[in-house]
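Note sheet for the following structure.
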Amino acid sequence: MIKTLYIKTLQVAIIISTIFMFSCEQKSEAQIKRNALPGTYFDLEKDNIKIFLPVYFEAFSEDAYETLIDAHEESYEKELEKNRFNFLKFSKGNNYFFKDIASSTLVNVKMMNYLPFTKKESSQLLGIISKSCNDYAKVLQTNCKKITAGYSENYVTKVFKAVYEISNDTGYLIYNNIYLISSRHKTFSINIYSKTDQNFNSFIEKIQVE
Numbered sequence: 098m099i100k101t102l103y104i105k106t107l108q109v110a111i112i113i114s115t116i117f118m119f120s121c122e123q124k125s126e127a128q129i130k131r132n133a134l135p136g137t138y139f140d141l142e143k144d145n146i147k148i149f150l151p152v153y154f155e156a157f158s159e160d161a162y163e164t165l166i167d168a169h170e171e172s173y174e175k176e177l178e179k180n181r182f183n184f185l186k187f188s189k190g191n192n193y194f195f196k197d198i199a200s201s202t203l204v205n206v207k208m209m210n211y212l213p214f215t216k217k218e219s220s221q222l223l224g225i226i227s228k229s230c231n232d233y234a235k236v237l238q239t240n241c242k243k244i245t246a247g248y249s250e251n252y253v254t255k256v257f258k259a260v261y262e263i264s265n266d267t268g269y270l271i272y273n274n275i276y277l278i279s280s281r282h283k284t285f286s287i288n289i290y291s292k293t294d295q296n297f298n299s300f301i302e303k304i305q306v307e
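Each residue of the sequence shown is one higher than the last, beginning at 98 in our numbering.
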């Protein structure tokens, strides 16, 4: 493993990878699977980042995504998404919106102030995110339950992940995968909202930060 950073002037894209230790053969197999993963790269042009998402996802500008929400019939889900959108829209940092129309899976990328966190801060990050989820759930009369959380890093990228189940008493259920990523002096969060409990780690590993 290369222990030194690339020369700054080269501006080489860094591909995010996890810290799980594999043998050489296992790494080769994992690399093959990662390269064969079906999906599409989307440019976050304002921030020089490329994210890799499953096939069928579409990118929406902020205005286009708001129009998409408004086009839906009035419902509990529409109210939740409108409130979440307004919070993101009026908070600091660039927003990027993606949606799989068929499955209704939503992805939002939110740029943040640079935060070079480490594993030592992971429990503190979990506490902050969990409190935010619970506070938000109370306002919207939903329940927020943590499913899992973890931390990984390599020599240039730090990733904190938490998964929450958001539900109410009337049958509403959605899973929120939260990835907080810090790489090359940039920090951003990726929120994925899905009706099923899926693992998106393979797609996160293919993100490129310049």
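We put the CB at the ideal spot given by N, CA and C, even for glycine.
Which residues in the same chain have their Cβ closer than 6 Å to the Cβ of residue i, if we skip the five residues on either side of it in sequence?
{"i": "SER299", "result": "LEU134"}
{"i": "ILE148", "result": "PHE139 and ILE304"}
{"i": "PRO151", "result": "GLY136"}
{"i": "LYS189", "result": "none"}
{"i": "THR284", "result": "MET209, TYR211 and LEU212"}
{"i": "ASN265", "result": "THR239"}
{"i": "CYS121", "result": "Any answer about CYS121 is weak, because its pLDDT of 47 lies below 50 and its placement is not dependable; what the coordinates show is given next. Excluding sequence neighbours, CYS121 sits near nothing in its chain."}
What span of residues does the alpha helix (DSSP H) with residue i cover, start to end?
{"i": "ILE301", "result": "298-301"}
{"i": "LEU237", "result": "Run containing LEU237: none; DSSP gives neither H nor E here."}
{"i": "ASN180", "result": "173-186"}
Flag residue i as yes if its beta-carbon sits less than 8 Å from any beta-carbon of chain C, otherwise no.
{"i": "TYR211", "result": "Going by chain labels, chain C is absent from the structure shown, which holds only one protein chain."}
By Cβ distance, which residues of its chain are closer than 8 Å to residue i, with the 5 residues on each side in sequence left out?
{"i": "ILE244", "result": "VAL260, TYR261, GLU262, TYR272 and ASP294"}
{"i": "LEU165", "result": "PHE157 and LYS196"}
Near residue i, which residues of its chain fall below 7 Å by C-beta distance, leaving aside the five closest residues on each side in sequence?
{"i": "ASN296", "result": "none"}
{"i": "LEU185", "result": "ASN192, ASN205 and LYS207"}
{"i": "ILE104", "result": "Low local confidence applies: a pLDDT of 39 at ILE104 is under 50, so the model's placement there is unreliable, and no value is given."}
Between which two residues does the beta strand (DSSP E) containing residue i stretch?
{"i": "THR245", "result": "240-250"}
{"i": "THR215", "result": "Where THR215 is concerned, there is no enclosing beta strand (DSSP E), given that its DSSP letter is neither H nor E."}
{"i": "ASN192", "result": "192-197"}
{"i": "ALA259", "result": "254-264"}
{"i": "THR284", "result": "283-291"}
{"i": "TYR276", "result": "270-280"}
{"i": "LYS189", "result": "Note, LYS189: premise wrong, no beta strand (DSSP E); not H, not E."}
{"i": "THR267", "result": "Premise fails: THR267 is in no beta strand (DSSP E) and is neither H nor E."}
Looking at C-alpha atoms only, which residue of the options is the closest neighbour of residue i?
{"i": "PHE194", "options": "LEU177, SER279 and PHE154", "result": "PHE154"}
{"i": "LEU212", "options": "GLY268, LYS255 and GLU159", "result": "LYS255"}
{"i": "SER280", "options": "LEU141, ASN132 and ILE146", "result": "ILE146"}
{"i": "TYR252", "options": "LYS207, ALA168, THR215 and LEU203", "result": "THR215"}
{"i": "MET209", "options": "TYR276, GLY224, VAL236 and SER158", "result": "TYR276"}
{"i": "PHE181", "options": "GLU170, TYR162, ALA168 and ALA199", "result": "The sequence shown places Arg at residue 181, not Phe. With distances taken between Cα atoms, ARG181 lies closest to TYR162."}
Buried or exposed for residue i, going by 16 or more other Cβ atoms inside 10 Å?
{"i": "ILE301", "result": "buried"}
{"i": "LYS235", "result": "exposed"}
{"i": "PHE187", "result": "exposed"}
{"i": "THR239", "result": "buried"}
{"i": "GLU250", "result": "buried"}
{"i": "LYS292", "result": "exposed"}
{"i": "SER201", "result": "exposed"}
{"i": "SER172", "result": "exposed"}
{"i": "SER229", "result": "exposed"}
- Task: Jot down the residue ranges of each uninterrupted beta strand (DSSP E) in the region 127-159, minimum 3 residues, whole runs only, in chain order.
- Result: 137-141, 146-150 and 154-157
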